[in-house]
Amino acid sequence: MTQDSSAPTPRTPFDDLDDYIGLGRLGGLALSGDGRRLVTTVQSLDTERTGYVSALWEVDPAGELPARRLTRSAKGEAAAVFAAGGDLLFTSARPDPESSGKAEPKAALWSLPAAGGEARVLATAPGGLGGILAARDADTVSVAASVLPSADGLEADAALRETRDDRKVNAIWHTGYPVRHWDHDLGPDAPRRFVLGTDEVAEGERADLHQLTGPGPQLVEHGAALSPDGATLVTTWAVPDPGAARREILVAIDTATGERRTLVDDPDAEIGSPKVSPDGRWVAYVTSTITTPTDPPVVRAGLVALDGSGDPEVLADDWDRWPGSLTWLPASDGLLVTADDDGRGPVFLLTFDGGPGEGTVTVERVTADDAVFTDVCVAPDASAVFALRSSYAAPAEPVRVDLAAFVASGPAGEREPVAAVVLPSPAAAPELPGSLTEVETVAADGARVRAWLALPAGASPSDPAPLLLWIHGGPLGSWNAWSWRWNPWLMVARGYAVLLPDPALSTGYGQEFVRRGWGAWGDAPFTDLMAITDAAEARDDVDASRTAAMGGSFGGYMANWVAGHTDRFRAIVTHASLWALDGFGPTTDHAYYWGREMTPEMNEAHSPHRFVGEIRTPMLVIHGDKDYRVPIGEGLRLWRELLADSGLPAADDGTTVHRFLYFPDENHWILTPQHAKVWYAGVLAFLAEHVLEVPAGEGDRVLPDVLG
Numbered sequence: 020m021t022q023d024s025s026a027p028t029p030r031t032p033f034d035d036l037d038d039y040i041g042l043g044r045l046g047g048l049a050l051s052g053d054g055r056r057l058v059t060t061v062q063s064l065d066t067e068r069t070g071y072v073s074a075l076w077e078v079d080p081a082g083e084l085p086a087r088r089l090t091r092s093a094k095g096e097a098a099a100v101f102a103a104g105g106d107l108l109f110t111s112a113r114p115d116p117e118s119s120g121k122a123e124p125k126a127a128l129w130s131l132p133a134a135g136g137e138a139r140v141l142a143t144a145p146g147g148l149g150g151i152l153a154a155r156d157a158d159t160v161s162v163a164a165s166v167l168p169s170a171d172g173l174e175a176d177a178a179l180r181e182t183r184d185d186r187k188v189n190a191i192w193h194t195g196y197p198v199r200h201w202d203h204d205l206g207p208d209a210p211r212r213f214v215l216g217t218d219e220v221a222e223g224e225r226a227d228l229h230q231l232t233g234p235g236p237q238l239v240e241h242g243a244a245l246s247p248d249g250a251t252l253v254t255t256w257a258v259p260d261p262g263a264a265r266r267e268i269l270v271a272i273d274t275a276t277g278e279r280r281t282l283v284d285d286p287d288a289e290i291g292s293p294k295v296s297p298d299g300r301w302v303a304y305v306t307s308t309i310t311t312p313t314d315p316p317v318v319r320a321g322l323v324a325l326d327g328s329g330d331p332e333v334l335a336d337d338w339d340r341w342p343g344s345l346t347w348l349p350a351s352d353g354l355l356v357t358a359d360d361d362g363r364g365p366v367f368l369l370t371f372d373g374g375p376g377e378g379t380v381t382v383e384r385v386t387a388d389d390a391v392f393t394d395v396c397v398a399p400d401a402s403a404v405f406a407l408r409s410s411y412a413a414p415a416e417p418v419r420v421d422l423a424a425f426v427a428s429g430p431a432g433e434r435e436p437v438a439a440v441v442l443p444s445p446a447a448a449p450e451l452p453g454s455l456t457e458v459e460t461v462a463a464d465g466a467r468v469r470a471w472l473a474l475p476a477g478a479s480p481s482d483p484a485p486l487l488l489w490i491h492g493g494p495l496g497s498w499n500a501w502s503w504r505w506n507p508w509l510m511v512a513r514g515y516a517v518l519l520p521d522p523a524l525s526t527g528y529g530q531e532f533v534r535r536g537w538g539a540w541g542d543a544p545f546t547d548l549m550a551i552t553d554a555a556e557a558r559d560d561v562d563a564s565r566t567a568a569m570g571g572s573f574g575g576y577m578a579n580w581v582a583g584h585t586d587r588f589r590a591i592v593t594h595a596s597l598w599a600l601d602g603f604g605p606t607t608d609h610a611y612y613w614g615r616e617m618t619p620e621m622n623e624a625h626s627p628h629r630f631v632g633e634i635r636t637p638m639l640v641i642h643g644d645k646d647y648r649v650p651i652g653e654g655l656r657l658w659r660e661l662l663a664d665s666g667l668p669a670a671d672d673g674t675t676v677h678r679f680l681y682f683p684d685e686n687h688w689i690l691t692p693q694h695a696k697v698w699y700a701g702v703l704a705f706l707a708e709h710v711l712e713v714p715a716g717e718g719d720r721v722l723p724d725v726l727g
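Here the sequence shown is numbered in our numbering, starting from 20 and rising by one per residue.
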């Protein structure tokens, strides 16, 4: 992107936080069985601008017609899936016009007829429905519903829930671990899978949901798929492991009898994301080895026969990338795979030489775009791939990739990636306030380290931009896709150059790049960050004398570590951050996962709290009380120790340069629109005071009407 620095900078939605939170946001994609209909979900502000509601929109797969809205309700609609007959299934808590109940409606299963007409309710459950799966060749649909443990069915569940509500009881009796996940308590109800036949639901009636699984936590956060004929449900199934741990195996359940059999049970790995082949013979899945203090996970695609014959096998074990999602080709002769790769997330084609389970496997990159692809769907004739594409240059937008042209371009292993074509979207990509480029350097150990750099319009040697180092979370992740929650363009619109680096532990650079930081978070990840910051500061359009750093979650950990190990930055923002590893490890929502890496030795060597006395940089601490991944105790301890024990403590009269932005009702991400505004406004004000040198105290007056 080239812009005339002498011309007035055009106004963009990133110049005003109200404009920004009002932008439409796409998510999810569903393709009908005949390939003629493509549906996505658009999230937009509600009328009070205090929450988001979603609606279903249809996108023309041919790219000739504008997108059109299909649903409209105050409660919104989500999770679109096409049934075998072409009807569009979705979930919504919108009022049921045929119900006389006064209770607040829960998410129900709705159907929008392919032939036109009004949507109708197919099924309900006292705790709501979700996890829709539809068979390709049969009228079989499976849904998930959370049910109280002692209920033998949905009617009993309704009675038990009413009793709890009447008696104001919300206590939970736990018999195992975990008890929390991200931002919500687990229990007392837990998911069970049900099945129904859409052809059996008459107009005005509700489906009789047939229960396939019983009580227990085995389906909490599960992934599942239906066979094309609807006869088999394949799902992950949590089993206990020593040390209050759990592990996911893969099972197949007969949808007529509920009989369950195990397909994959690897004591050294977790299984996820199952996909049944179109011919109904195979199940592809993602396998991730269980970590140790010295060994990071190895993530691969796996394959097993649906009938249980033969042993599971790992696919493309020599491919040094981690598969994220799997999509079968229509002829069951290959898979489309997404994976992080060098700051991108392309679509790859995995083909079998001799068919699934036989011969060698070839992996080729299909898409040429500098972007991430998600929600991959393939046309029934394998001519095209449909997906949502996003990058730091644009948010998610529907695209079509000419798969037939790619396959025809040469023999396997010699084909050239192709560019995606953007389809008419329900939400146009916003104008950006700057340009995007890349920066890279070589670390002390010879590793290549790269980053995206978002530059404000007009940044030049004569007017260099202050620099903001933004560290990603995870830690296993990559700055490679648009984020509404962590958006650099709001900072760019205020004149900052924003550096988005992928240090050691980042995905998309191979197994060894992850291993460089495993169990040693304060070593290579830190030195990589400093090296790439040096490279950015060496640019003549960046002002190395005005820099700041920030991060959230693991990025917040690194922000805390940076604060205790260098004073090169004028300000540091730390959100939902790990401070004392010995306190975080046992209290986070899945302590067994972190305990596999966080040994006492690691805690002793790499806990930021041990270096509090070295902190001489103003810090803004941000935390939500409902954060169960990084519990609020981390933020509270950090805040107190900053004021009492840091190298920049509070004065005797209690005044301090540090600030604490606390959200009593928010979680790990700060999701509600008005709180997101407060978050960004507070961060920008704090940075402005210390980096842009606005008058002291301006940050405390950033939103007086909201913050008091």
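Note that the Cβ used here is the ideal one computed from N, Cα and C, for glycine as well. Keep in mind that this is a model prediction, so the values were computed, not measured.
In this model, residue 546 and residue 462 are separated by some 7 Å (Cα to Cα). Secondary structure in the region 106-187: the beta strand (DSSP E) runs of 3 residues or longer, each lying completely within the stretch, are 107-111, 127-131, 139-142, 148-153 and 159-166 in chain order. Counting only runs of 3+ residues, the beta strand (DSSP E) found wholly inside the region 369-403 occupies 380-384 and 391-397, in chain order. Residue pairing for residue 405: DSSP places it in a beta bridge opposite 396 and 419. Going by C-alpha positions, residue 655 is about 9 Å away from residue 679. For the 8 Å CB-CB criterion, residue 590 and residue 488 do not form a contact.
Counted as a single uninterrupted DSSP element, the alpha helix (DSSP H) harbouring residue 696 occupies residues 692-706.
The C-alpha of residue 127 lies about 22 Å from the C-alpha of residue 182.
For residue 323, the beta-bridge partners assigned by DSSP are 302. Within the region 181-260, the complete beta strand (DSSP E) runs of at least 3 residues fall at 209-216, 243-245 and 251-260.
With a cutoff of 8 Å on beta-carbon distance, residue 407 and residue 401 are scored as not near each other. Apart from the 5 residues on each side of it in sequence, residue 90 sits with its Cβ closer than 8 Å to the Cβ of 74, 75, 96, 109, 111, 131 and 138 in its chain, given in chain order. Looking at the DSSP output, residue 485 sits in a beta bridge with 562. Here residue 189 is exposed, its C-beta having fewer than 16 other C-beta atoms within 10 Å.
Rounded to the nearest angstrom, the gap between the Cα atoms of residue 248 and residue 372 is 26 Å. Counting along the chain, residue 614 sits inside the alpha helix (DSSP H) bounded by residues 610-614. Remark: C-beta atoms of residue 573 and residue 493 approach each other more closely than 8 Å. For residue 638, the three-state secondary structure derived from DSSP is strand. Taking the CA atoms as reference points, residue 81 sits about 55 Å from residue 586. Distance between residue 295 and residue 424, taken at the CA atoms: about 26 Å. When only Cα atoms are considered, residue 49 and residue 58 end up about 5 Å apart. Under the three-state reduction of DSSP output, residue 661 falls in the helix class. Between residue 561 and residue 482, the alpha-carbon positions lie close to 8 Å from each other. In the assembly as shown, residue 84 is an exposed residue. Its beta-carbon has fewer than 16 other beta-carbons within 10 Å.
Residue 294 is bridged by DSSP to 303. When secondary structure is reduced to three states using DSSP, residue 574 falls in the helix class. Counting the other Cβ atoms within 10 Å of the Cβ of residue 191 gives fewer than 16, which makes it exposed. DSSP places residue 59 in the strand class (E or B) of the three-state scheme.
Taken through DSSP and simplified to helix, strand or coil, residue 588 comes out as coil. Residue environment analysis places residue 709 among the buried positions, since at least 16 neighbouring C-beta atoms fall within 10 angstroms of its C-beta. Under the DSSP definition of a beta bridge, residue 679 partners with 640. In the three-state reduction of the DSSP assignment, residue 594 falls in the strand class, which pools E and B.
Your pair residue 154 and residue 292 does not check out as a contact, with CB atoms roughly 18 Å apart and the cut at 8 Å. In this structure, DSSP gives residue 667 a state outside helix and strand, which the three-state scheme calls coil. Taking one beta carbon from each stretch, the region 430-439 and the region 471-480 have fewer than 3 pairs nearer than 8 Å; the two do not touch. For residue 516, the uninterrupted beta strand (DSSP E) run begins and ends at 516-521, by DSSP.
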